[in-house]
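Undergrad: Please see the structure below; I have some questions.
Number of protein chains: 2
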Amino acid sequence: MDAQSESRLKQLQHTYATYKQENLKLDMSRGKPSPEQLDLSNAMLDYPSSKDAMVTESGVDIRNYGGLDGLPEMKKLFADLLSVTTDEVIVGGNSSLTLMHDTIARALLHGVRGSNAPWGQQKVKFICPTPGYDRHFSICEHFGIEMIPVDMTDDGPDMAAVESLVAEDETIKGIWCVPKYSNPTGSVFSDEVIERLAKMETKAPDFRILWDNAYIVHYLTDRPATFNNIFTACEANGHSDRIFAFVSTSKISFAGAGIAALAASKENIDAIKKHLAMQTIGPDKINQVRHLHFFKDAEGVVQHMQKHADILKPKFDKVFEVFEEQLGGKDLATWSAPDGGYFISVDTLNDCAKEVVRLAKEAGVVLTNAGATFPYGKDPLDRNIRIAPSFPTVEELDKAMRVFCTCVELVSLQKQ
Amino acid sequence: MDAQSESRLKQLQHTYATYKQENLKLDMSRGKPSPEQLDLSNAMLDYPSSKDAMVTESGVDIRNYGGLDGLPEMKKLFADLLSVTTDEVIVGGNSSLTLMHDTIARALLHGVRGSNAPWGQQKVKFICPTPGYDRHFSICEHFGIEMIPVDMTDDGPDMAAVESLVAEDETIKGIWCVPKYSNPTGSVFSDEVIERLAKMETKAPDFRILWDNAYIVHYLTDRPATFNNIFTACEANGHSDRIFAFVSTSKISFAGAGIAALAASKENIDAIKKHLAMQTIGPDKINQVRHLHFFKDAEGVVQHMQKHADILKPKFDKVFEVFEEQLGGKDLATWSAPDGGYFISVDTLNDCAKEVVRLAKEAGVVLTNAGATFPYGKDPLDRNIRIAPSFPTVEELDKAMRVFCTCVELVSLQKQ
Numbered sequence: 174m175d176a177q178s179e180s181r182l183k184q185l186q187h188t189y190a191t192y193k194q195e196n197l198k199l200d201m202s203r204g205k206p207s208p209e210q211l212d213l214s215n216a217m218l219d220y221p222s223s224k225d226a227m228v229t230e231s232g233v234d235i236r237n238y239g240g241l242d243g244l245p246e247m248k249k250l251f252a253d254l255l256s257v258t259t260d261e262v263i264v265g266g267n268s269s270l271t272l273m274h275d276t277i278a279r280a281l282l283h284g285v286r287g288s289n290a291p292w293g294q295q296k297v298k299f300i301c302p303t304p305g306y307d308r309h310f311s312i313c314e315h316f317g318i319e320m321i322p323v324d325m326t327d328d329g330p331d332m333a334a335v336e337s338l339v340a341e342d343e344t345i346k347g348i349w350c351v352p353k354y355s356n357p358t359g360s361v362f363s364d365e366v367i368e369r370l371a372k373m374e375t376k377a378p379d380f381r382i383l384w385d386n387a388y389i390v391h392y393l394t395d396r397p398a399t400f401n402n403i404f405t406a407c408e409a410n411g412h413s414d415r416i417f418a419f420v421s422t423s424k425i426s427f428a429g430a431g432i433a434a435l436a437a438s439k440e441n442i443d444a445i446k447k448h449l450a451m452q453t454i455g456p457d458k459i460n461q462v463r464h465l466h467f468f469k470d471a472e473g474v475v476q477h478m479q480k481h482a483d484i485l486k487p488k489f490d491k492v493f494e495v496f497e498e499q500l501g502g503k504d505l506a507t508w509s510a511p512d513g514g515y516f517i518s519v520d521t522l523n524d525c526a527k528e529v530v531r532l533a534k535e536a537g538v539v540l541t542n543a544g545a546t547f548p549y550g551k552d553p554l555d556r557n558i559r560i561a562p563s564f565p566t567v568e569e570l571d572k573a574m575r576v577f578c579t580c581v582e583l584v585s586l587q588k589q
Numbered sequence: 174m175d176a177q178s179e180s181r182l183k184q185l186q187h188t189y190a191t192y193k194q195e196n197l198k199l200d201m202s203r204g205k206p207s208p209e210q211l212d213l214s215n216a217m218l219d220y221p222s223s224k225d226a227m228v229t230e231s232g233v234d235i236r237n238y239g240g241l242d243g244l245p246e247m248k249k250l251f252a253d254l255l256s257v258t259t260d261e262v263i264v265g266g267n268s269s270l271t272l273m274h275d276t277i278a279r280a281l282l283h284g285v286r287g288s289n290a291p292w293g294q295q296k297v298k299f300i301c302p303t304p305g306y307d308r309h310f311s312i313c314e315h316f317g318i319e320m321i322p323v324d325m326t327d328d329g330p331d332m333a334a335v336e337s338l339v340a341e342d343e344t345i346k347g348i349w350c351v352p353k354y355s356n357p358t359g360s361v362f363s364d365e366v367i368e369r370l371a372k373m374e375t376k377a378p379d380f381r382i383l384w385d386n387a388y389i390v391h392y393l394t395d396r397p398a399t400f401n402n403i404f405t406a407c408e409a410n411g412h413s414d415r416i417f418a419f420v421s422t423s424k425i426s427f428a429g430a431g432i433a434a435l436a437a438s439k440e441n442i443d444a445i446k447k448h449l450a451m452q453t454i455g456p457d458k459i460n461q462v463r464h465l466h467f468f469k470d471a472e473g474v475v476q477h478m479q480k481h482a483d484i485l486k487p488k489f490d491k492v493f494e495v496f497e498e499q500l501g502g503k504d505l506a507t508w509s510a511p512d513g514g515y516f517i518s519v520d521t522l523n524d525c526a527k528e529v530v531r532l533a534k535e536a537g538v539v540l541t542n543a544g545a546t547f548p549y550g551k552d553p554l555d556r557n558i559r560i561a562p563s564f565p566t567v568e569e570l571d572k573a574m575r576v577f578c579t580c581v582e583l584v585s586l587q588k589q
């Protein structure tokens with residue numbers, strides 16, 4: 174280490190020590206909406222009150238049993254949001270994670286349309302674009318589904334790799350996709366990627382794309398990303414059963430009390446409903462009415478998201494500002510600049526991420542575990558870190574990101 | 174047929190024809206609460222409003238993610254209701270059916286504590302006391318679990334039969350129980366039955382009692398049935414992992430928007446939570462707060478049930494009144510006289526139930542399908558019919574039960 178580096182190292186160690194003395198307590202580990210964002214939907218709680226009608230226009234008592242796949246009005250809202258028809262939608266409870274988990278569980282126990290046998294009786298592998306969403310990977314690991322990582326690019330997964338894998342290996346039954354403002358890179362799938370996903374030939378007759386459209390309307394600019402309809406593309410290519418799509422209002426209304434939905438071909442939906450009838454009489458209809466009254470329709474949801482963007486944009490900008498100021502031109506890290514979603518993906522120098530996260534935590538800044546964005550929690554290059562700017566205030570973010578950048582530079586210097 | 178019978182038959186045929194002309198439309202197929210019962214909880218919808226605190230006393234933002242096993246306050250309410258500790262409870266979503274289904278699905282995919290292998294990799298059988306609840310049987314059939322019927326008595330299942338089965342067959346992994354005001358017979362398990370269930374030795378090391386306490390506080394008299402604590406009994410006999418108990422507020426607050434809970438040994442609960450963390454971030458906390466504010470505590474729930482009883486009791490009484498008047502002393506049917514729950518169980522003469530249900534339906538009175546109370550929908554004696562008096566008004570019930578009794582007598586005479 175040259176004298177200049179040594180001097181810089183001492184300076185960083187001093188700065189880090191100062192931060193530590195501040196006893197910070199900032200949790201940026203998950204993509205949680207902030208209280209201000211949740212406040213945007215508080216008015217939803219005022220309807221229905223005890224004075225309002227308990228029976229819908231179509232004659233359904235919203236308090237009683239029934240409605241396996243959701244109120245017709247709620248199905249319509251999700252169908253419009255997802256650009257599908259109402260018979261291609263099932264409304265769920267408060268969690269799209271549950272819909273995803275249960276979709277895999279059903280496939281393991283019963284198979285899906287086109288399966289020769291339940292997945293649980295076969296070797297099953299899933300393609301996992303990386304970096305990706307840790308909860309997708311946890312589900313696979315939990316169920317013993319082998320994960321095959323492929324690189325995530327700015328346009329979506331490395332399709333040459335995906336196409337070659339699915340063409341040759343019949344145990345590959347699926348791929349996880351977060352097509353818009355992907356977790357954590359913020360990538361938006363290109364129309365070419367969508368077309369290739371729809372068109373590709375798979376050795377498995379029952380291959381499925383788990384299309385987690387978690388950030389479907391979660392844009393940060395006034396130019397929302399759009400892309401071709403994967404359902405139409407799949408149908409045009411004779412693969413209409415290929416898509417299981419998921420969406421929820423968790424980051425639109427309330428994170429713990431929103432409404433999730435699943436979309437798929439009518440044939441898939443009909444098959445799923447037969448299983449679902451064993452599991453539930455139906456999801457909470459009062460909460461559906463609450464959402465319908467507040468948002469009115471899909472357009473109302475889109476408009477509401479502008480208010481979220483107004484709160485989130487300054488937070489993302491703050492992160493970029495500190496990164497630029499602290500790390501710009503130093504060749505120590507690269508970061509994504511998403512137009513939507515909930516995350517910023519940082520790549521440090523190789524073999525630095527774990528140590529950065531550890532140091533930041535010691536200084537009171539809890540980040541998502543290094544490695545979490547890869548299958549089995551193992552980032553082969555130990556360089557990817559997911560930044561979740563939504564929950565802290567702009568002031569807290571400023572501090573947290575300064576701590577983070579100090580850790581990045583400190584670890585990079587020490588590793589040299 | 175003697176002249177007297179022939180004359181009576183003609184009379185009944187005339188009465189039946191008259192009913193048919195009335196174009197009745199009465200659906201008594203499911204145990205649904207009536208609108209008046211649902212009205213009892215409407216005030217619950219007024220809290221929280223947008224003006225109320227969104228953070229609990231323990232510092233939880235009820236709108237955000239988190240709380241895998243429920244708010245501590247909600248766990249306490251269910252723990253008190255079920256006479257267990259809070260670390261023996263998981264709060265779920267709006268459906269105990271989902272908790273039951275998912276419990277079996279988890280056992281199939283992963284096994285339970287004490288399993289040598291996932292249940293899905295073995296032959297699995299369940300004991301099903303009959304007549305019983307059709308949705309329990311549907312879950313078994315759906316998952317390929319072989320059902321072994323044993324007789325339901327006034328005190329619970331025929332324990333001699335149960336004990337002998339579980340002692341000899343290691344593929345018998347479970348038994349369904351509705352211990353209080355059983356569906357459909359209204360039986361309450363005796364303390365002796367509870368003790369024998371807790372004590373019996375099972376060949377399967379991972380045997381489970383699925384204790385569906387659906388009618389735990391659903392009494393029709395001012396002398397609620399009580400019985401010994403099955404958890405304590407199991408623990409005293411060294412079988413603390415044996416119980417998976419289920420309960421919900423579906424027939425306490427709102428049938429479609431209530432709250433369900435699962436209770437089991439702490440060790441079972443800890444094991445289940447590991448799986449649950451893959452499936453959800455947590456159930457709807459706003460709805461938990463709604464329930465907590467309305468009921469306050471378990472005692473509040475019990476008191477609320479008196480209001481349900483006040484509405485339900487006259488309906489049950491009306492059924493008994495018409496039965497006594499129309500069928501009394503004729504030796505054509507016997508019926509249960511439950512002190513709680515949602516059903517009256519009728520046994521016609523052998524080989525009559527299907528035809529009675531068919532005739533009633535033709536006259537506009539839809540009953541639960543004959544056979545539904547038995548595994549695979551097959552009542553070997555074709556005699557059991559479940560009457561669900563909760564939803565219709567007393568006037569509608571009077572009419573519906575007269576139609577029913579006419580059908581019973583008509584079919585009995587024709588079969589003679």
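Residue numbers (the working numbering), protein chains in the order written: chain C, 174 to 589; chain W, 174 to 589.
Virtual Cβ for every residue (Gly too), placed ideally from N, Cα, C.
Note that this is a predicted model, so its numbers are computed, not measured.
#1: Should lysine 198 of chain C be labelled buried (16 or more other beta-carbon atoms within 10 Å of its own) or exposed?
#2: What did DSSP end up calling glycine 293 of chain W once you bin it into helix, strand or coil?
#3: Could you check whether the stretch 200-218 of chain W touches the stretch 461-476 of chain W, counting it as contact only if at least three pairs of C-beta atoms, one from each stretch, sit closer than 8 Å?
#4: Measure the alpha-carbon distance for isoleucine 517 of chain C versus aspartate 253 of chain C and round it to whole angstroms.
#5: Taking contact to mean 3 or more Cβ pairs, one atom from each stretch, closer than 8 Å, check whether the stretch 218-229 of chain W and the stretch 433-444 of chain W are in contact.
#6: What in chain C is Cβ-close to glycine 429 of chain W, meaning under 9 Å?
#7: So, using beta-carbon positions, are aspartate 555 of chain W and aspartate 504 of chain W closer together than 8 Å?
#8: Would you call alanine 506 of chain C buried or exposed, if buried means 16 or more other Cβ atoms sit within 10 Å of its Cβ?
#9: If you draw a straight line from the C-alpha of valine 257 of chain W to the C-alpha of aspartate 234 of chain W, how long is it?
#10: Go ahead and pull the three-state DSSP assignment for alanine 510 of chain C.
#11: Is the beta carbon of leucine 137 of chain C less than 8 Å from the beta carbon of leucine 185 of chain C?
#12: On the criterion of 16 or more Cβ atoms from any shown chain inside 10 Å, does leucine 333 of chain W qualify as buried, or is it exposed?
#13: Which residue marks the beginning of the alpha helix (DSSP H) containing arginine 556 of chain C, and which one marks its end?
#14: Over what stretch of residues does the beta strand (DSSP E) that includes isoleucine 348 of chain C continue unbroken?
#15: Could you have a look at cysteine 313 of chain C and say whether DSSP puts it in helix, strand or coil?
#16: Is it right to say valine 576 of chain W is buried, meaning 16 or more other beta carbons lie within 10 angstroms of its own, or is it exposed?
#17: Please state whether DSSP places proline 562 of chain C in a helix, a strand or coil.
#18: Whether or not the stretch 301-319 of chain W and the stretch 346-359 of chain C are in contact is what I'm after, with contact meaning three or more pairs of Cβ atoms, one per stretch, closer than 8 Å; do they touch?
#19: Please report the straight-line C-alpha distance between valine 361 of chain C and aspartate 395 of chain C, rounded to a whole angstrom.
#20: Would you say aspartate 307 of chain W faces chain C, with C-beta separation under 8 Å as the test?
#21: So which residues of chain C does isoleucine 312 of chain W contact, with C-beta pairs closer than 7 Å?
#22: Tell me the residue span of the beta strand (DSSP E) that contains aspartate 385 of chain C.
#23: Quick check on this structure: which residue in C/Tyr306, C/Lys424, C/Asp379 and C/Arg236 has the alpha carbon closest to the alpha carbon of methionine 478 of chain C?
#24: On a Cα-Cα basis, can you pick out the residue from W/Tyr238, W/Val420 and W/Tyr306 that is closest to arginine 203 of chain C?
#25: Could you spell out the range, first to last residue, of the alpha helix (DSSP H) harbouring lysine 447 of chain W?
#26: On the three-pair Cβ rule with 8 Å, is the stretch 364-372 of chain C touching the stretch 401-414 of chain C?
#27: Output, in chain order, the set of chain C residues within a Cβ distance shorter than 7 Å of leucine 281 of chain W.
#28: Just by C-beta distance, which residues in the stretch 247-277 of chain C are closer than 8 Å to chain W?
#29: Identify the contact partners of aspartate 327 of chain W in chain C, using a Cβ-Cβ distance below 8 Å as the criterion.
#30: Residue range of the beta strand (DSSP E) that aspartate 212 of chain W falls in?
#31: By the DSSP assignment, the beta strand (DSSP E) with lysine 527 of chain C in it spans what residues?
#32: Beta carbons nearer than 7 Å to chain W: which residues of the stretch 364-387 of chain C have them?
#33: Evaluate lysine 458 of chain C with the Cβ neighbour count: other Cβ atoms within 10 Å of its Cβ, from every protein chain shown; 16 or more gives buried, anything less gives exposed.
#34: How about glycine 293 of chain C: is its C-beta nearer than 8 Å to some C-beta of chain W?
#35: Give the residues of chain W in contact with serine 222 of chain C, contact being defined as C-beta atoms less than 7 Å apart.
#36: Alpha carbon to alpha carbon, how far is asparagine 267 of chain C from serine 207 of chain C?
TA: Taking the coordinates as given:
#1: Along the first sequence, one-based indexing puts residue 198 of chain C at 25. So lysine 198 of chain C ends up on the exposed side.
#2: Sequence index remark: in the second sequence, residue 293 of chain W carries index 120 (1-based). Glycine 293 of chain W falls in the helix class under three-state DSSP.
#3: yes
#4: Working through the first sequence from its first residue, we reach residue 517 of chain C at position 344. Working through the first sequence from its first residue, we reach residue 253 of chain C at position 80. One C-alpha to the other measures close to 29 Å.
#5: no
#6: Sequence index remark: in the second sequence, residue 429 of chain W carries index 256 (1-based). The contacting residues are Asp234, Ile235, Arg236, Asn237, Tyr238, Gly239, Gly240, Ile454, Gly455, Pro456, Asp457, Lys458 and Ile459.
#7: Position 382 of the second sequence, counted from the start, is the residue given in the question as residue 555 of chain W. Position 331 of the second sequence, counted from the start, is the residue given in the question as residue 504 of chain W. Against a cut-off of 8 Å, the Cβ pair of aspartate 504 of chain W and aspartate 555 of chain W comes out as no contact.
#8: In the first sequence, residue 506 of chain C corresponds to position 333, counting from 1. With 16 or more Cβ atoms within 10 Å of its Cβ, alanine 506 of chain C is classed as buried.
#9: As a first step, residue 257 of chain W is located in the second sequence; it is residue number 84 there, counting from the start. As a first step, residue 234 of chain W is located in the second sequence; it is residue number 61 there, counting from the start. Valine 257 of chain W and aspartate 234 of chain W: Cα-Cα distance of roughly 27 Å.
#10: Taking the first sequence and counting its residues from 1, the one referred to as residue 510 of chain C is at position 337. Here DSSP, grouped into helix, strand and coil, assigns alanine 510 of chain C to coil.
#11: Any property of residue 137 of chain C remains undetermined from this structure, which presents chain C solely from 174 to 589.
#12: Position 160 of the second sequence holds residue 333 of chain W. Note on residue identity: the sequence assigns alanine, not leucine, to residue 333 of chain W. So alanine 333 of chain W ends up on the exposed side.
#13: Start at 1 with the first residue of the first sequence, and residue 556 of chain C comes out as number 383. Taken as a continuous stretch (DSSP letters only), arginine 556 of chain C belongs to no alpha helix (DSSP H), as it is neither H nor E.
#14: Sequence index remark: in the first sequence, residue 348 of chain C carries index 175 (1-based). 345-350 is the span of the beta strand (DSSP E), which, as asked, contains isoleucine 348 of chain C.
#15: Taking the first sequence and counting its residues from 1, one reaches residue 313 of chain C at position 140. Three-state DSSP puts cysteine 313 of chain C in a helix.
#16: Against the second sequence, residue 576 of chain W aligns to sequence position 403. Answer is buried; the Cβ neighbour count reaches 16.
#17: The residue labelled residue 562 of chain C in the question sits at position 389 within the first sequence. Note: proline 562 of chain C maps to coil in three-state DSSP.
#18: With a cut-off of 8 Å, the stretch 301-319 of chain W and the stretch 346-359 of chain C do not count as touching, because too few Cβ pairs lie within range.
#19: Within the first sequence, residue 361 of chain C is the residue found at index 188, counting from 1. Within the first sequence, residue 395 of chain C is the residue found at index 222, counting from 1. So the two alpha carbons sit approximately 16 Å from each other.
#20: The residue you call residue 307 of chain W lines up with position 134 of the second sequence. False, the Cβ-Cβ gap to chain C never drops below 8 Å.
#21: For the purposes of this step, residue 312 of chain W is taken as residue 139 along the second sequence, with counting starting at 1. By Cβ distance, chain C contributes Met451.
#22: Against the first sequence, residue 385 of chain C aligns to sequence position 212. Taken as a continuous stretch (DSSP letters only), the beta strand (DSSP E) holding aspartate 385 of chain C covers 381-385.
#23: The residue labelled residue 478 of chain C in the question sits at position 305 within the first sequence. The shortest C-alpha to C-alpha distance from methionine 478 of chain C to any of C/Tyr306, C/Lys424, C/Asp379 and C/Arg236 is the one to C/Lys424.
#24: Here residue 203 of chain C is taken as the residue at index 30 of the first sequence, counted from 1. Selected option, being the one with the closest Cα: W/Tyr238.
#25: Mapped onto the second sequence, residue 447 of chain W falls at position 274. It spans 439-452 - the alpha helix (DSSP H) in which lysine 447 of chain W sits, taken as one unbroken run.
#26: yes
#27: Taking the first residue of the second sequence as 1, we reach residue 281 of chain W at position 108. The answer, in chain order, is Leu282.
#28: Gly266, Asn267, Ser268, Leu270, Thr271, His274 and Asp275
#29: Indexing the second sequence from 1 puts residue 327 of chain W at position 154. By Cβ distance, chain C contributes nothing, its closest Cβ being about 29 Å from aspartate 327 of chain W, past 8 Å.
#30: For the purposes of this step, residue 212 of chain W is taken as the residue at position 39 of the second sequence. Note, aspartate 212 of chain W: premise wrong, no beta strand (DSSP E); alpha helix (DSSP H) at 208-212.
#31: In the first sequence, residue 527 of chain C corresponds to position 354, counting from 1. No beta strand (DSSP E) holds lysine 527 of chain C; the alpha helix (DSSP H) holding it covers 526-535.
#32: none
#33: As a working note, residue 458 of chain C is residue 285 in the first sequence. Result: buried.
#34: One-based indexing of the first sequence puts residue 293 of chain C at position 120. Taking Cβ atoms only, chain W reaches closer than 8 Å to glycine 293 of chain C, which makes this a yes.
#35: Translated into the one-based positions of the first sequence, residue 222 of chain C becomes position 49. Neighbours of serine 222 of chain C on chain W, chain order: Leu218 and Asp219.
#36: Residue mapping note: residue 267 of chain C aligns to position 94 of the first sequence, counting from 1. Residue mapping note: residue 207 of chain C aligns to position 34 of the first sequence, counting from 1. Each residue's Cα considered, the two are about 18 Å apart.
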